[in-house]
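Have a look at the structure below before the remarks.
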Amino acid sequence: MSSREPQVLEPPPRWEPHEKPSMPGSPATLAHSLPRRVAYALVAVLVGLTGGLGAALVTANLSTIQGELGLTPVQGAWLPAAYVMANVTVNLLVFKFRQQYGIRLFAEMGLGVYAALTLMHLLVHNFEMALLVRAASGFAAATTATLAVQYMQQVFPRTKAGAGLVVGLTLSQLATPLAWLMSPSLLDLGDWRTLYALEAGLALCSFAAVVVLKLPVGLRIRVLETRDFLTFALVAPGVALLAAVLSQGLNVWWIDTPWLAWALIGAIGLLTCAAIVEYRREYPLLQIRWLLNGATLRFIFGALMMRFLMSEQTYGAVGLLRTLGMGPDQLQPLYGVMLVGMICGLTFTAFFFGQKSSQVFHILGAIVLIAIGGWMDRHATSDVRPHDFFVSQFMISFAAAMFMGPLMLIGVGQALKHGTDHMVTFIVLFSVTQTLGGLTGAAVLGTLQAQRTTLYSQAISAQMQRTDASVIQRINHESQSLAHIITDPVQRTAQGTAQLAQIVRREASVRAFNYVFTVIGVLALAFLSWSLYRAIIILKADRPPSGISAAAAAGARAPVGAASRVS
Numbered sequence: 001m002s003s004r005e006p007q008v009l010e011p012p013p014r015w016e017p018h019e020k021p022s023m024p025g026s027p028a029t030l031a032h033s034l035p036r037r038v039a040y041a042l043v044a045v046l047v048g049l050t051g052g053l054g055a056a057l058v059t060a061n062l063s064t065i066q067g068e069l070g071l072t073p074v075q076g077a078w079l080p081a082a083y084v085m086a087n088v089t090v091n092l093l094v095f096k097f098r099q100q101y102g103i104r105l106f107a108e109m110g111l112g113v114y115a116a117l118t119l120m121h122l123l124v125h126n127f128e129m130a131l132l133v134r135a136a137s138g139f140a141a142a143t144t145a146t147l148a149v150q151y152m153q154q155v156f157p158r159t160k161a162g163a164g165l166v167v168g169l170t171l172s173q174l175a176t177p178l179a180w181l182m183s184p185s186l187l188d189l190g191d192w193r194t195l196y197a198l199e200a201g202l203a204l205c206s207f208a209a210v211v212v213l214k215l216p217v218g219l220r221i222r223v224l225e226t227r228d229f230l231t232f233a234l235v236a237p238g239v240a241l242l243a244a245v246l247s248q249g250l251n252v253w254w255i256d257t258p259w260l261a262w263a264l265i266g267a268i269g270l271l272t273c274a275a276i277v278e279y280r281r282e283y284p285l286l287q288i289r290w291l292l293n294g295a296t297l298r299f300i301f302g303a304l305m306m307r308f309l310m311s312e313q314t315y316g317a318v319g320l321l322r323t324l325g326m327g328p329d330q331l332q333p334l335y336g337v338m339l340v341g342m343i344c345g346l347t348f349t350a351f352f353f354g355q356k357s358s359q360v361f362h363i364l365g366a367i368v369l370i371a372i373g374g375w376m377d378r379h380a381t382s383d384v385r386p387h388d389f390f391v392s393q394f395m396i397s398f399a400a401a402m403f404m405g406p407l408m409l410i411g412v413g414q415a416l417k418h419g420t421d422h423m424v425t426f427i428v429l430f431s432v433t434q435t436l437g438g439l440t441g442a443a444v445l446g447t448l449q450a451q452r453t454t455l456y457s458q459a460i461s462a463q464m465q466r467t468d469a470s471v472i473q474r475i476n477h478e479s480q481s482l483a484h485i486i487t488d489p490v491q492r493t494a495q496g497t498a499q500l501a502q503i504v505r506r507e508a509s510v511r512a513f514n515y516v517f518t519v520i521g522v523l524a525l526a527f528l529s530w531s532l533y534r535a536i537i538i539l540k541a542d543r544p545p546s547g548i549s550a551a552a553a554a555g556a557r558a559p560v561g562a563a564s565r566v567s
């Protein structure tokens with residue numbers, strides 16, 4: 001592939017060597033005073049939480065929003081789907097946009113559009129506007145995720161850039177437990193508009209913060225080409241269709257809805273056309289050849305598996321408790337534990353973040369914690385309550401904060417080995433694996449749970465004969481509990497039978513969730529074995545040749561500076 005010198009759009013300031021931005025589109029790394037560093041840290045926390053909190057509030061209160069807007073469950077599922085569809089696709093162009101127009105314009109445009117649409121939704125109360133706001137939220141999240149990292153890296157010296165990366169990336173993850181902790185109190189203040197009012201307020205505060213406290217100027221170069229927009233026009237709807245299939249497949253059921261098949265065919269066709277276009281370009285937006293090499297394919301598999309396994313928490317444990325009737329009030333303590341686990345994992349990872357070998361151990365440790373958590377949860381009964389999941393979910397939350405930074409840093413290192421023009425491909429790749437990995441986890445585990453629930457329910461019902469004395473006694477017990485409501489004994493018996501069927505369904509559902517936990521545990525152990533094998537290969541490759549002193553080997557290794565080159 002040929003290379004070219006980028007055209008610089010404006011003369012750069014006279015930076016010291018240690019102040020120069022690591023790549024175009026990133027801010028310079030200046031020496032700030034302590035008060036200014038604190039201000040950068042506060043803005044990083046604000047924009048990081050803003051990017052994730054809006055979507056998390058909608059997910060946590062989806063049933064309430066559905067009821068108050070008069071939406072069906074299928075319509076309600078489109079709200080988080082719209083967020084995902086916009087968030088994944090917008091990453092395709094934002095990196096080049098930042099390189100050409102600067103990070104300041106990028107930040108102010110993203111947050112400004114998001115704040116305006118959120119405020120409009122407080123005035124226009126319909127399904128279409130709700131979808132538009134969720135898509136704008138996905139667009140803003142792509143903005144705020146980058147800003148959180150860039151602002152946090154202004155807090156740390158360049159030698160500790162890895163810690164800034166870890167903290168900045170994890171901030172948006174804290175939004176989910178925070179949303180569940182805040183939701184009951186917010187809904188007590190009013191209806192769904194309270195949630196959107198908070199979202200609009202955070203967007204406005206973030207917009208004001210990035211305008212008042214700007215990031216240092218970076219280097220601007222001309223990188224956008226006309227064919228980039230053709231690729232975007234093919235990839236964006238392709239990924240959006242794939243996200244729609246994964247989001248709605250479980251709600252409308254996979255084999256009962258023809259449009260799912262057509263959407264999947266359309267996604268494959270569009271993405272294939274985009275790959276052909278990019279493969280033939282001299283200066284491609286997406287590096288298809290790099291995506292197809294062995295190291296990149298292994299990274300894709302590992303990133304997808306990590307996000308898939310994290311579904312143990314988002315779908316497994318929480319899904320079981322919600323199936324048993326636990327509402328937001330009852331789940332608050334559990335999400336408090338999750339929040340503490342993430343903060344502890346964030347602190348641990350940032351403090352011990354170091355060379356490439358430690359990055360591998362962080363990821364391996366996260367897999368071990370997920371595997372232990374899955375095995376601990378697989379003996380659940382219908383009597384479990386949130387406090388029974390405190391230990392397992394603390395470990396999984398700790399793991400969630402452990403793997404993100406090291407995983408991204410490893411991917412950045414692989415991309416930069418081939419040149420900065422591979423960064424767009426990596427950013428899209430990382431976003432797709434994490435977002436679609438989460439959707440795939442929920443879709444696959446939800447399908448397994450639904451099928452196993454039906455299977456176990458049939459098995460339990462087959463063992464319950466109407467002539468069995470224990471079955472008759474249970475029906476009579478259920479009927480007698482309704483004596484003060486239903487006077488007709490025939491109706492009481494029919495209602496008692498229906499309640500017994502509900503109990504059977506509930507027990508079958510619990511057994512199905514235990515099956516899901518077991519599957520996650522087995523997959524985590526298999527993935528751990530594969531990861532250990534790969535880690536041994538990596539560590540052997542990093543071992544210095546015999547005859548070279550330890551000091552010489554240490555001096556030959558490049559310092560951990562890749563984190564400062566993150567988009």
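Residue numbers (our numbering): 1 to 567. Yeah, the Cβ is synthetic: ideal placement off N, Cα and C, and Gly gets one too.
Beta carbon of residue i nearer than 8 Å to that of residue j
| i | j | result |
| --- | --- | --- |
| L246 | A443 | yes |
| G218 | A44 | no |
| S531 | I363 | yes |
| Q66 | F127 | no |
| G521 | W290 | no |
| Q100 | L292 | no |
| E68 | V211 | no |
| G441 | M310 | yes |
| H422 | P333 | no |
| A208 | L53 | no |
| V8 | I255 | no |
| E312 | I372 | no |
| M152 | G162 | no |
| A200 | L119 | yes |
Cβ neighbours of residue i in the same chain (closer than 7 Å, five flanking residues each side left out)
| i | result |
| --- | --- |
| Q359 | P406, L409 and I410 |
| L174 | L49, L339 and M342 |
| A512 | Q449, R452, T453 and Y456 |
| K96 | V223, L224, D228 and V424 |
| A145 | G51 and S172 |
Backbone CA spacing between residue i and residue j [nearest angstrom]
| i | j | result |
| --- | --- | --- |
| R322 | M182 | 17 Å |
| F394 | A366 | 12 Å |
| S172 | S461 | 45 Å |
| W15 | A31 | 11 Å |
| A295 | P11 | 38 Å |
| L196 | S529 | At residue 196 the sequence reads Tyr, which differs from the Leu that was named. Cα to Cα, Y196 sits roughly 45 Å from S529. |
| A350 | M404 | 11 Å |
| L324 | R506 | 7 Å |
| S546 | H418 | Summary for S546: the model assigns pLDDT 48, below 50, so the residue's position carries little reliability, and this model does not support an answer. |
| Y86 | T226 | At residue 86 the sequence reads Ala, which differs from the Tyr that was named. Spanning the two alpha carbons is a distance of roughly 21 Å. |
| V235 | L416 | 23 Å |
| L304 | V337 | 25 Å |
| T194 | L187 | 7 Å |
| T435 | I370 | 19 Å |
| V384 | W253 | 29 Å |
| K20 | G102 | 15 Å |
| I265 | T272 | 11 Å |
Classification of residue i by the beta-carbon crowding that lies within 10 angstroms, buried from 16 upward
| i | result |
| --- | --- |
| F229 | exposed |
| P13 | exposed |
| E278 | buried |
| W192 | buried |
| L445 | buried |
| H379 | exposed |
| Y533 | exposed |
| V88 | buried |
Sequence-distant residues of the same chain with beta carbon closer than 6 Å to residue i, five excluded per side
| i | result |
| --- | --- |
| L93 | F232 |
| P80 | T59 |
| V428 | N91 and L92 |
| A267 | G238, L241 and L242 |
| P216 | P27, A28 and L30 |
| S206 | L46, V47, T50 and L111 |
| A275 | I288 |
| G345 | F398, A401 and M402 |
Per DSSP, cross-strand counterpart(s) of residue i
| i | result |
| --- | --- |
| I221 | V8 |
| P27 | G218 |
Contacts around residue i, its chain only, beta-carbon distance under 8 Å, and the 5 residues preceding and following it disregarded
| i | result |
| --- | --- |
| N251 | P73, V74 and A77 |
| R568 | The chain is shown only over 1 to 567; residue 568 falls outside these bounds and no answer can be derived. |
| L270 | L234, V235, P237, G238 and L241 |
| G316 | G374, D377, L445, F513, V516, F517 and I520 |
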